[in-house]
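Novice:
There are 2 protein chains.
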Amino acid sequence: MCGGRDLGGRFPKEGGAARGPLCEALRVSEYRRDRTTGEWVLVAPERKRRPHVRFSGHASTGDGRALDPECPFCPGNENMLTDILLESPLDGSLGWRTRVVANKYPMVSSGASKAPAFEGAPDRIAGGGYHEVIIETARHNADLSALAVEEVEDVIRTYLRRYADLMKRPNVKAVIVFRNHGRRAGASLGHPHSQIVATGMVPPRLSASAAWARRHYENHRQCVVCEEVQRELESGLRVVEETDNFLIVVPFAAAGPFEQRIYPRRHQACFSELAELEIRELAGALKRALQHLNAVLDDPPYNFVIESGTADSAGSRYRHWDIRIVPAIQHLGGFELGAGLPVNSSCPEDDAEELRSVRF
Amino acid sequence: MCGGRDLGGRFPKEGGAARGPLCEALRVSEYRRDRTTGEWVLVAPERKRRPHVRFSGHASTGDGRALDPECPFCPGNENMLTDILLESPLDGSLGWRTRVVANKYPMVSSGASKAPAFEGAPDRIAGGGYHEVIIETARHNADLSALAVEEVEDVIRTYLRRYADLMKRPNVKAVIVFRNHGRRAGASLGHPHSQIVATGMVPPRLSASAAWARRHYENHRQCVVCEEVQRELESGLRVVEETDNFLIVVPFAAAGPFEQRIYPRRHQACFSELAELEIRELAGALKRALQHLNAVLDDPPYNFVIESGTADSAGSRYRHWDIRIVPAIQHLGGFELGAGLPVNSSCPEDDAEELRSVRF
């Protein structure tokens, strides 16, 4: 339940503009609209009191062995892989730290499609593209949040390299980097890995949020995410952590409990615009965001996705990339399915306070 | 994998218009757009070959007892309920068959809001409305698909009564009837029940699909669902069953494996327009759709939702209600989250064939 905690002197700042203070209002339900995407959610704190509603943890599937003879991502099992596309470090003198391979069971069919539509069928488009796996470490039983910051930095550098390479291929319209942790979050293998998918079509959510951001820019001559970052810094209510160049918040319209977003504080349209000097700092922020989540929810299954621009948005004044981290701890029901409206049983302001209170 | 089955002489009808026959194409991925809602999905049959991807069944939580002393929905435990709103039959001489109670942990806060927006905050709307539970039978260990057709008919009559009552209340904009079966589908109690939520806001998915259908009507002077029903009947590829007044199909752009929709064959904008003589027939169709699902997936968790109009759509020439049944057997991953694009690892035409082959 909301409202039971002391939110400190910062509270009235945002609450004052509305009918009542935020957490007061959240003894009851409210719809909230994400200012950066236009997406609505229903925040329903009374749902949290249901019996049998417990957040489940222990998503890590590592069985303690550093090397699993049956895992295709472990060193020595290269015969189980289709293609090794990249290894880092490139010289490989001391073995690889990250490795990129083709996904054996791709969502999109390899090779960007040259014939994007079926003749005479406007409701079918060939699903061409690229689907790769980024193996984050050679150690089977490691976990991204427990890697050294330098190792997380390696992973982000690998994301950047594959992102840039895929984005410039012909017919590629969007590139999505994501990570599924735990079976309930969609991971079918326990060895630490992320994925990257390049599509020949701009996915619906990307085109909708691009349109939303463009409209905002046309009306206000300002990037909607830059504005939101500023607003969150001023209010402080949902801030989990700020560093020189990044801001971690629980978003105002979080779709579920303990969702976090990592925003670059200065304007950056596209993930590939990340500056060399910021990579280490982002690695630290990502690692800590995951550590906070693990501390609060006891190693929950989660997804994260780098929400970045599309092929034509580099340098855009209205797009602004982020990393969205979502614990996979809510079961979707028929209401969400029919209404297209996520129901968040947790109060974003409370969740932020809990996450930022974690001390190591 | 698609393509391994004989789809009979009906196949070329639809395949001929496109570049290749449907199942041939579905050895690889394709995007499909739902013609009735405008929503895209990615059909990715290669995903099905992943190891460890098995559809899980046994969602029924009934423990064999007809009466559970700790279940608030069982007769005799009325002290655990907040409010009994309706019982059927009304005279109750032989006990109730269905019972409607207020949801103790509502998504929306009771009473439709009189103040729909927070002053000065366009991104917050008070979440007022009504959230009720429809207890489908007094027997704790029963299951909707195993009830007699007359009992399912009682359940549908109860839906209709509550739907009509809630829809006419002031400030109610939409009413959503849904059922969550099994914990993974969001059910927190095992006793057979459905839910009904009345909202003071038109949920995003309803307004988007209404806009889509209206545009189609303006361009073609025909209801888009009537057109789709006709097309499915002609092609036959995705038909699971047809009765005099209803059609069960796996939709062309199913969001996941073994999704089914039940459409009224003649034009009906709103669920409340269901004719008296059709109720029994719908009960039979719903029961069989669930039985087919249980036979193929071994009692999977599932959601169903009655996708109907909003308060202002009764009598509309372009809206057309349906029941959408979705097994909760896929884990959403970071791609779906970021792209807003469901990934269906199954071929809708194959799924339809499997469902319609079930014999009892």
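Protein chains in written order, with my numbering: chain A, 1 to 360; chain B, 1001 to 1360. Glycine included, C-beta positions come from ideal geometry on N, C-alpha and C. These numbers were taken from a predicted model, which means no experiment stands behind them.
1) Using the C-alpha atoms, what's the distance from Tyr1031 of chain B back to Ala174 of chain A?
2) I want to verify the contact list: residues of chain B whose CB lies under 7 Å from the CB of Asn303 of chain A, in sequence order.
3) In the DSSP assignment, the alpha helix (DSSP H) including Asn1180 of chain B goes from what residue to what residue?
4) Identify each residue in the region 205 to 225 of chain A for which the Cβ-Cβ distance to at least one residue of chain B is less than 8 Å, and report them in chain order.
5) Please specify which runs of the beta strand (DSSP E), each continuous and at least 3 residues long, are wholly inside the region 226 to 286 of chain A, giving them in chain order.
6) Out of B:Ala1339, B:Cys1270, B:Asp1165, state which residue places its alpha-carbon closest to the alpha-carbon of His1131 of chain B.
7) Are the Cβ atoms of Leu233 of chain A and Leu144 of chain A separated by less than 8 Å?
8) Tell me where the beta strand (DSSP E) around Glu1030 of chain B begins and ends.
9) Which of the residues in the region 1119 to 1139 of chain B, read from start to end, lie with their CB under 7 Å from any CB of chain A?
10) I believe Gly334 of chain A touches Phe1178 of chain B by the beta-carbon criterion, under 8 Å. Please report the beta-carbon distance rounded to the nearest angstrom.
11) Among the candidates B:Gly1200, B:Glu1151, B:Ile1135, whose CA atom is the shortest distance from the CA of Met1167 of chain B?
12) In this structure, what does DSSP give as the bridge partners for Gly129 of chain A?
13) How close, in whole Å, do the beta carbons of Val229 of chain A and Phe258 of chain A come, if the pair is a contact with beta carbons under 8 Å?
14) Check the Cβ of Met201 of chain A against every Cβ in chain B and list those closer than 7 Å, keeping chain order.
15) By the three-class DSSP mapping on this structure, what secondary structure does Leu1206 of chain B have?
16) Less than 7 Å between the CB of Cys74 of chain A and some heavy atom of the ligand MN, yes or no?
17) Leu271 of chain A touches chain B at which residues, Cβ-Cβ below 8 Å?
18) Can you name the start and end residues of the alpha helix (DSSP H) that Ala1164 of chain B belongs to?
19) Under the three-state reduction of DSSP, which class applies to Gln39 of chain A: helix, strand or coil?
20) From Gly1095 of chain B to Ala1138 of chain B, what does the alpha carbon distance come to, in whole angstroms?
21) Could you spell out where the alpha helix (DSSP H) holding Glu354 of chain A opens and where it closes?
22) What does Asn1141 of chain B reach in chain A if we use C-beta pairs closer than 9 Å?
23) Using the Cβ count rule (16 or more neighbours within 10 Å means buried), how would you classify Asp1083 of chain B?
24) So which of B:Gly1038, B:Met1080, B:Lys1048, B:Ala1126 has the shortest CA-CA distance to Trp40 of chain A?
25) Closest to Glu281 of chain A by CA distance: which of A:Ile196, A:Ile262, A:His267 is it?
26) Would you mind telling me which residues of chain A sit closer than 9 Å to Glu1349 of chain B, beta carbon to beta carbon, in chain order?
27) Output the boundary residues of the beta strand (DSSP E) element that contains Leu1094 of chain B.
28) Under the three-state reduction of DSSP, which class applies to Cys2 of chain A: helix, strand or coil?
29) At least one CB of chain A closer than 8 Å to the CB of Met1107 of chain B: is that the case?
30) Helix, strand or coil for Glu136 of chain A, going by three-state DSSP, please let me know.
31) Please name the residues in the region 1168 to 1179 of chain B whose beta-carbon is closer than 9 Å to at least one beta-carbon of chain A, in chain order.
32) Considering Cα atoms alone, identify which of A:Arg319, A:Cys270, A:Pro301, A:Glu87 is closest to Arg214 of chain A.
33) Taking the C-alpha atoms as reference points, what is the distance between Asp1068 of chain B and Gly1076 of chain B?
34) Please determine, among A:Leu293, A:Phe360, A:Ala254, the residue with the shortest C-alpha to C-alpha distance to Ala44 of chain A.
35) What does the alpha-carbon distance come out to for the pair Cys23 of chain A and Leu237 of chain A?
36) Have a look at Arg1205 of chain B and Leu86 of chain A and give me their C-alpha separation to the nearest angstrom.
Specialist: Reading off the structure:
1) 14 Å
2) Gly1333, Gly1334, Leu1337
3) Note, Asn1180 of chain B: premise wrong, no alpha helix (DSSP H); beta strand (DSSP E) at 1174 to 1181.
4) Arg205, Leu206, Ala208
5) 239 to 242, 246 to 249, 260 to 264
6) B:Asp1165
7) no
8) 1030 to 1033
9) Glu1119, Gly1120, Ala1121, Asp1123, Arg1124, Ile1125, Ala1126, Gly1127
10) 3 Å
11) B:Gly1200
12) A:Ser110, A:Thr199
13) No, Val229 of chain A and Phe258 of chain A are not in contact; Cβ-Cβ is about 20 Å, not under 8 Å.
14) Tyr1031
15) helix
16) This structure does not include the ligand MN; it has no bound ligands of any sort.
17) Strictly speaking, residue 271 of chain A in this sequence is Phe, with Leu absent from that position. Under the 8 Å cutoff, chain B gives no residues; its nearest Cβ is about 12 Å from Phe271 of chain A.
18) 1149 to 1167
19) The amino acid occupying residue 39 of chain A in the given sequence is Glu; Gln does not appear at that position. Three-state DSSP puts Glu39 of chain A in coil, outside helix and strand.
20) 9 Å
21) 348 to 356
22) Chain A residues near Asn1141 of chain B: none, gap ~18 Å exceeds 9 Å.
23) exposed
24) B:Ala1126
25) A:Ile262
26) Chain A residues near Glu1349 of chain B: none, gap ~13 Å exceeds 9 Å.
27) Leu1094 of chain B -> no beta strand (DSSP E), and no H or E assigned at all.
28) Low confidence applies to Cys2 of chain A: its pLDDT is 37, below 50, so where it sits in the model is not reliable, and the reading given next is rough at best. If DSSP states are grouped into helix, strand and coil, Cys2 of chain A belongs with coil.
29) yes
30) coil
31) Ala1174, Ile1176, Val1177, Phe1178, Arg1179
32) A:Arg319
33) 10 Å
34) A:Ala254
35) Summary for Cys23 of chain A: the model assigns pLDDT 48, below 50, so the residue's position carries little reliability, and this model does not support an answer.
36) 41 Å
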